[in-house]
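*Asks:* The structure that follows is given in the form of structure tokens.
There are 2 protein chains.
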Amino acid sequence: MNANSLTIEETPHTVQSIHDAILERICLLDFHPGQQLKEADLAAEFGVSRTPIRDALSRITHLNLIETRNGVGTVVKELSNQKIADVYTTRLELAPLIGTLSTTEITPVHLDRIQDLILRAKNLEVEKNSRSYVLINHELHQLLCDLISNSVLRSFWRQAYYQAASVWYRIFDIAGEDSIPSLINELTELQSALKNQDLIAVGHIQRIYIGYGYTRIQQYLFDNKTK
Amino acid sequence: MNANSLTIEETPHTVQSIHDAILERICLLDFHPGQQLKEADLAAEFGVSRTPIRDALSRITHLNLIETRNGVGTVVKELSNQKIADVYTTRLELAPLIGTLSTTEITPVHLDRIQDLILRAKNLEVEKNSRSYVLINHELHQLLCDLISNSVLRSFWRQAYYQAASVWYRIFDIAGEDSIPSLINELTELQSALKNQDLIAVGHIQRIYIGYGYTRIQQYLFDNKTK
DNA sequence: ACCTCTCAAGCTGTATACAGCTGTGTTAAT
DNA sequence: ATTAACACAGCTGTATACAGCTTGAGAGGT
Numbered sequence: 028m029n030a031n032s033l034t035i036e037e038t039p040h041t042v043q044s045i046h047d048a049i050l051e052r053i054c055l056l057d058f059h060p061g062q063q064l065k066e067a068d069l070a071a072e073f074g075v076s077r078t079p080i081r082d083a084l085s086r087i088t089h090l091n092l093i094e095t096r097n098g099v100g101t102v103v104k105e106l107s108n109q110k111i112a113d114v115y116t117t118r119l120e121l122a123p124l125i126g127t128l129s130t131t132e133i134t135p136v137h138l139d140r141i142q143d144l145i146l147r148a149k150n151l152e153v154e155k156n157s158r159s160y161v162l163i164n165h166e167l168h169q170l171l172c173d174l175i176s177n178s179v180l181r182s183f184w185r186q187a188y189y190q191a192a193s194v195w196y197r198i199f200d201i202a203g204e205d206s207i208p209s210l211i212n213e214l215t216e217l218q219s220a221l222k223n224q225d226l227i228a229v230g231h232i233q234r235i236y237i238g239y240g241y242t243r244i245q246q247y248l249f250d251n252k253t254k
Numbered sequence: 028m029n030a031n032s033l034t035i036e037e038t039p040h041t042v043q044s045i046h047d048a049i050l051e052r053i054c055l056l057d058f059h060p061g062q063q064l065k066e067a068d069l070a071a072e073f074g075v076s077r078t079p080i081r082d083a084l085s086r087i088t089h090l091n092l093i094e095t096r097n098g099v100g101t102v103v104k105e106l107s108n109q110k111i112a113d114v115y116t117t118r119l120e121l122a123p124l125i126g127t128l129s130t131t132e133i134t135p136v137h138l139d140r141i142q143d144l145i146l147r148a149k150n151l152e153v154e155k156n157s158r159s160y161v162l163i164n165h166e167l168h169q170l171l172c173d174l175i176s177n178s179v180l181r182s183f184w185r186q187a188y189y190q191a192a193s194v195w196y197r198i199f200d201i202a203g204e205d206s207i208p209s210l211i212n213e214l215t216e217l218q219s220a221l222k223n224q225d226l227i228a229v230g231h232i233q234r235i236y237i238g239y240g241y242t243r244i245q246q247y248l249f250d251n252k253t254k
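Each protein sequence line maps, in turn, to chains A and B.
Here the first sequence is numbered in our numbering, starting from 28 and rising by one per residue.
Here the second sequence is numbered in our numbering, starting from 28 and rising by one per residue.
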């Protein structure tokens with residue numbers, strides 16, 4: 028009943044925050060492939076005009092996750108099997124570079140963060156929750172980005188992650204049982220590597236688990252489509 | 028004096044064409060580092076409103092080549108030595124992937140294009156021309172992109188190229204004598220590899236000559252700044 | 001029943017007006 | 001002479017109105 032708490036302005040939305048919000052929704056499948064995104068609706072929701080919405084969408088376009096056609100609208104792209112393969116083969120190659128191109132020192136803060144993620148991942152086995160799974164992966168991704176000292180590689184790693192994420196997360200709903208122990212193992216191995224200040228190992232671990240993820244995608248997406 | 032030829036509308040500028048034009052100017056150093064780009068001026072020049080200009084600039088921003096600050100303006104970024112190093116080390120790693128991730132078949136058209144580039148490069152020795160040098164490299168880059176079948180790698184290769192180009196081309200004005208024979212050798216070796224349908228070799232050749240280019244940058248940019 | 005044409009609804013693309021921010025130069029007080 | 005405050009010029013950021021494109025529904029002819 029406090030009028031102030033109702034009318035209080037949340038942090039004003041910047042183009043960047045809108046960009047991040049939309050991107051996260053695409054990853055979380057709140058915006059599913061094929062769905063139409065109307066600039067006017069998003070503008071109303073975020074409480075801004077179409078201008079900043081258009082700006083945010085324009086930046087997402089180059090990630091190849093949405094497509095805007097004049098007179099029609101903006102739709103979330105359905106990635107072709109070929110594109111998915113392209114994203115994954117590239118990620119497989121980029122992963123080892125995390126180790127070879129990075130010189131970041133691992134601090135206790137990093138170790139705390141991965142420890143937290145491990146606990147949350149183990150909790151996933153009890154309470155199987157799609158959103159939690161995605162958020163844990165998001166934060167793991169953020170942690171890894173913080174370890175990549177090469178700014179260009181970091182940018183590419185981010186881009187490839189977001190292109191893969193929406194596909195990859197769709198698998199969880201189908202094969203969550205496989206995904207959760209795999210995530211826990213990945214986190215545990217990463218923890219060991221971080222404790223040893225071994226970024227080379229971090230890169231290889233990433234490479235391995237991206238491979239596992241890609242295998243699951245091939246099993247559950249590609250095979251189902253061809254049968 | 029033909030009124031038609033004066034009033035004839037050139038192809039109407041799209042956001043993409045404006046984006047490409049501005050990006051090329053940055054690479055060609057028509058827009059030099061530190062220079063301020065005013066949206067209103069660009070809008071007047073391209074005969075459009077600020078809206079599409081802003082859209083184009085927004086897309087270039089993520090290449091880390093320009094920076095826009097509210098109330099101040101948009102300036103062409105001066106890449107720090109660290110950023111330059113990041114771009115080059117990443118390009119060195121990406122180059123071999125051209126070969127390992129590509130399955131494109133080389134056609135006579137490709138061979139014609141590289142033959143043309145070789146001739147034009149040899150002509151550079153007679154008429155040393157900075158713009159021609161840049162344009163030859165641009166077209167070589169385009170040719171290589173056409174050979175990369177992995178769409179994600181192609182995107183990253185492009186991005187890294189544009190980030191490197193403006194720095195790299197600046198060297199030509201200082202050390203054109205070194206750059207021209209190096210370019211001719213690179214083109215000739217690429218021609219041989221293409222004739223053999225050897226994309227793996229193409230990747231390694233790129234890797235080698237990017238290394239040469241980086242060495243020149245270190246000599247002429249980094250050394251000069253520290254002495 | 002079917003095909004075609006037309007038109008209108010609804011979206012994105014663009015132009016324009018205005019709000020807000022920043023740096024600079026000027027002015028006044030000390 | 002120096003410094004601090006202030007106002008203004010000029011830029012980007014946002015809102016809004018309008019133009020242009022695309023699609024689908026419906027009317028009308030066959």
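Yeah, the Cβ is synthetic: ideal placement off N, Cα and C, and Gly gets one too.
Quick caveat: nothing in here was measured; it's all calculated off a predicted structure.
Pick helix, strand or coil for G98/A, following the three-state DSSP scheme.
*Replies:* Position 71 of the first sequence, counted from the first residue, corresponds to residue 98/A. In this structure, G98/A counts as coil in the three-state DSSP scheme.
*Asks:* Given this structure, state the Cα-to-Cα distance separating F249/A from I211/A, to the nearest angstrom.
*Replies:* Within the first sequence, numbered from 1, the residue matching residue 249/A stands at position 222. Within the first sequence, numbered from 1, the residue matching residue 211/A stands at position 184. Taking the straight line from one Cα to the other gives about 25 Å.
*Asks:* At the level of alpha carbons, what is the spacing between G238/A and C54/B?
*Replies:* Numbered from 1 along the first sequence, position 211 holds the residue referred to as residue 238/A. Numbered from 1 along the second sequence, position 27 holds the residue referred to as residue 54/B. For G238/A and C54/B, the distance between alpha carbons rounds to 37 Å.
*Asks:* Report the rounded CA-to-CA distance for Y160/A versus L167/A, giving the unit in angstroms.
*Replies:* For the purposes of this step, residue 160/A is identified with residue 133 of the first sequence, where counting begins at 1. For the purposes of this step, residue 167/A is identified with residue 140 of the first sequence, where counting begins at 1. Looking at the two C-alpha atoms, the distance is approximately 11 Å.
*Asks:* Within the same chain, show all residues whose beta-carbon is closer than 8 Å to that of S76/A, passing over the 5 residues directly before and after it, in chain order.
*Replies:* The residue given as residue 76/A occupies position 49 in the first sequence. Counting only Cβ-Cβ distances below 8 Å, and skipping sequence neighbours, we find A70.
*Asks:* If G230/B sits next to I125/B, beta carbons under 8 Å apart, how far is it from one beta carbon to the other, in whole angstroms?
*Replies:* By one-based count along the second sequence, residue 230/B stands at place 203. By one-based count along the second sequence, residue 125/B stands at place 98. The Cβ separation is near 4 Å, so the contact holds.
*Asks:* Quick check on N177/A: buried or exposed, where buried means 16 or more other Cβ atoms within 10 Å of its Cβ?
*Replies:* As a working note, residue 177/A is residue 150 in the first sequence. By the neighbour-count rule (16 or more Cβ atoms within 10 Å), N177/A is buried.
*Asks:* How many Å lie between K18/B and P208/B at the Cα?
*Replies:* Limits of chain B in this structure are 28 at one end and 254 at the other, which puts residue 18/B out of reach.
*Asks:* Just checking: is the beta-carbon of D173/A within a distance shorter than 9 Å of some beta-carbon in chain B?
*Replies:* Counting from 1 along the first sequence, the entry for residue 173/A is found at position 146. Chain B, which has no Cβ nearer than 9 Å to the Cβ of D173/A, makes this no.
*Asks:* Say the cut is 8 Å; is the CB of R86/A nearer than that to a heavy atom of the ligand GDP?
*Replies:* Absence of the ligand GDP is noted for the structure shown, with no ligands found whatsoever.
*Asks:* Shortest alpha-carbon distance to G74/B belongs to which of I145/B, V42/B and E204/B?
*Replies:* Position 47 of the second sequence holds residue 74/B. For G74/B, the nearest C-alpha among the options comes from V42/B.
*Asks:* Leaving out the 5 sequence neighbours to the left and right, which residues in its chain are closer than 7 Å to P123/A when beta-carbon positions are compared?
*Replies:* Residue numbering aside, residue 123/A sits at position 96 when the first sequence is read from its first letter. Excluding positions up to five away in sequence, the list reads G230, H231 and R234.
*Asks:* Pick from L171/A, D200/A and L106/A: whose alpha carbon is nearest that of P60/A?
*Replies:* In the first sequence, the residue the question calls residue 60/A occupies position 33. Nearest option by C-alpha distance: L106/A.
*Asks:* Using a Cβ cut-off of 8 Å, which residues of the region 148 to 179 of chain B contact any Cβ in chain A, in chain order?
*Replies:* Going along the region 148 to 179 of chain B in chain order, one finds N177, S178 and V179 with a Cβ nearer than 8 Å to chain A.
*Asks:* Extract the residue ranges of the beta strand (DSSP E) inside the region 61 to 133 of chain A, only unbroken runs of 3 or more that lie entirely within it.
*Replies:* Counting whole runs of 3 or more residues, the region 61 to 133 of chain A contains the beta strand (DSSP E) stretches 93 to 96 and 100 to 103.
*Asks:* Are the beta-carbon atoms belonging to Q169/B and Q218/B less than 9 Å from one another?
*Replies:* Counting from 1 along the second sequence, the entry for residue 169/B is found at position 142. Counting from 1 along the second sequence, the entry for residue 218/B is found at position 191. Taking 9 Å as the Cβ cut-off, Q169/B and Q218/B do not qualify as a contacting pair.
*Asks:* For a quick check, are the C-beta atoms of V99/B and F58/B less than 9 Å apart?
*Replies:* One-based indexing of the second sequence puts residue 99/B at position 72. One-based indexing of the second sequence puts residue 58/B at position 31. In this structure, F58/B does not lie closer than 9 Å to V99/B by Cβ.
*Asks:* Answer with yes or no whether the minimum CB distance from K104/B to chain A is below 9 Å.
*Replies:* Position 77 of the second sequence, counted from the start, is the residue given in the question as residue 104/B. No, because no Cβ of chain A sits closer than 9 Å to the Cβ of K104/B.
*Asks:* May I ask which residues mark the beginning and end of the alpha helix (DSSP H) holding Y247/A?
*Replies:* Reading the first sequence from its first residue, position 220 is the one you call residue 247/A. Premise fails: Y247/A is in no alpha helix (DSSP H) and is neither H nor E.
*Asks:* In the structure shown, what three-state DSSP assignment does D57/B receive?
*Replies:* Working through the second sequence from its first residue, we reach residue 57/B at position 30. Reduced to three states, the DSSP call for D57/B is coil.
*Asks:* Name the residues in the region 183 to 199 of chain A whose C-beta lies less than 8 Å from a C-beta of chain B; which are they?
*Replies:* Taking 8 Å as the Cβ-Cβ cut-off against chain B, the residues of the region 183 to 199 of chain A that qualify are F183, Q186, A187 and Q190.
*Asks:* Could you check whether the Cβ of V117/A sits closer than 9 Å to any Cβ belonging to chain B?
*Replies:* By one-based count along the first sequence, residue 117/A stands at place 90. Going by the sequence as given, residue 117/A is Thr instead of Val. So yes, T117/A belongs to the interface.
*Asks:* Going along the chain, which residues of its own chain have a beta-carbon closer than 7 Å to the beta-carbon of S32/B, five neighbours each way excluded?
*Replies:* Within the second sequence, the letter at position 5 stands for residue 32/B. Confidence in S32/B is poor, its pLDDT being 39 and thus under 50, which makes the residue's placement unreliable; the coordinate value appears in the next sentence. Once the five neighbours on either side are set aside, S32/B has no close Cβ partner at all.
*Asks:* Taking R86/A as the query, report the chain B residues whose CB atoms sit under 8 Å from its CB, ordered along the chain.
*Replies:* Translated into the one-based positions of the first sequence, residue 86/A becomes position 59. Correct list: S85, R86 and H89.
*Asks:* Select from Q62/A, R52/A, Y196/A and I163/A the residue whose C-alpha is nearest the C-alpha of T95/A.
*Replies:* For this step, residue 95/A is matched to residue 68 along the first sequence. Per the Cα distances, Q62/A.
*Asks:* Between which two residues does the alpha helix (DSSP H) carrying N150/A extend?
*Replies:* Looking up residue 150/A in the first sequence gives position 123. Here the alpha helix (DSSP H) through N150/A covers P135 to V153.
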